[in-house]
Amino acid sequence: QVQLVESGGGLVQPGGSLRLSCAASGSTFRFKTMGWYRQAPGKQRELVAAITIGGGTNYADSVKGRFTISRDNAKNTVYLQMNSLKPEDTAVYYCNAFPSTAYWGQGTQVTVSS
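Under our numbering, the first residue of the sequence shown carries the number 753, and numbering increases by one thereafter.
What follows is the structure, given as structure tokens:
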């Protein structure tokens, strides 16, 4: 069964940190480049970070230097460490392959507010 389960979101003050996790089940994602995406209210979903099976990474300009994507291939899990969070980082965060597949999880809400 193909499934993506995101977790780790929450409410955090500006400047704070969160670590998101994404557990992928099924063989669909096992050898793929994986990405973290986010969708803010009224905006389109956007890619914020991606990581290859070998560990190569790429980031959107808006999160460079603040977010770090990593993966544990043995656990089929992808992480997103988010530091120095800003109110504009508020969104629902999803993981998926890059390019994305039709399989989306429920996402995890990140709210940055004082």
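Glycine included, C-beta positions come from ideal geometry on N, C-alpha and C.
Computed from a predicted structure; not experimentally measured.
### Query
In terms of DSSP beta bridges, what is residue 763 paired with?
863
### Query
By a C-beta neighbour count over all protein chains shown, 10 Å radius and 16 as the cutoff for buried, is residue 767 buried or exposed?
exposed
### Query
Would residue 829 pass as a contact of residue 792 if the rule is Cβ separation under 7 Å?
no
### Message
Let me check one thing: in DSSP terms, what residues is residue 787 bridge-paired to?
### Response
802, 848
### Message
Let me make sure I understand the geometry here. Which of 799, 862, 857, 863 has the alpha-carbon closest to that of residue 754?
### Response
857
### Task
Under the assumption that residue 865 contacts residue 763 (Cβ atoms under 8 Å), give the Cβ distance between them as a whole number of angstroms.
7 Å
### Query
Are the CB atoms of residue 761 and residue 860 nearer to each other than 7 Å?
yes
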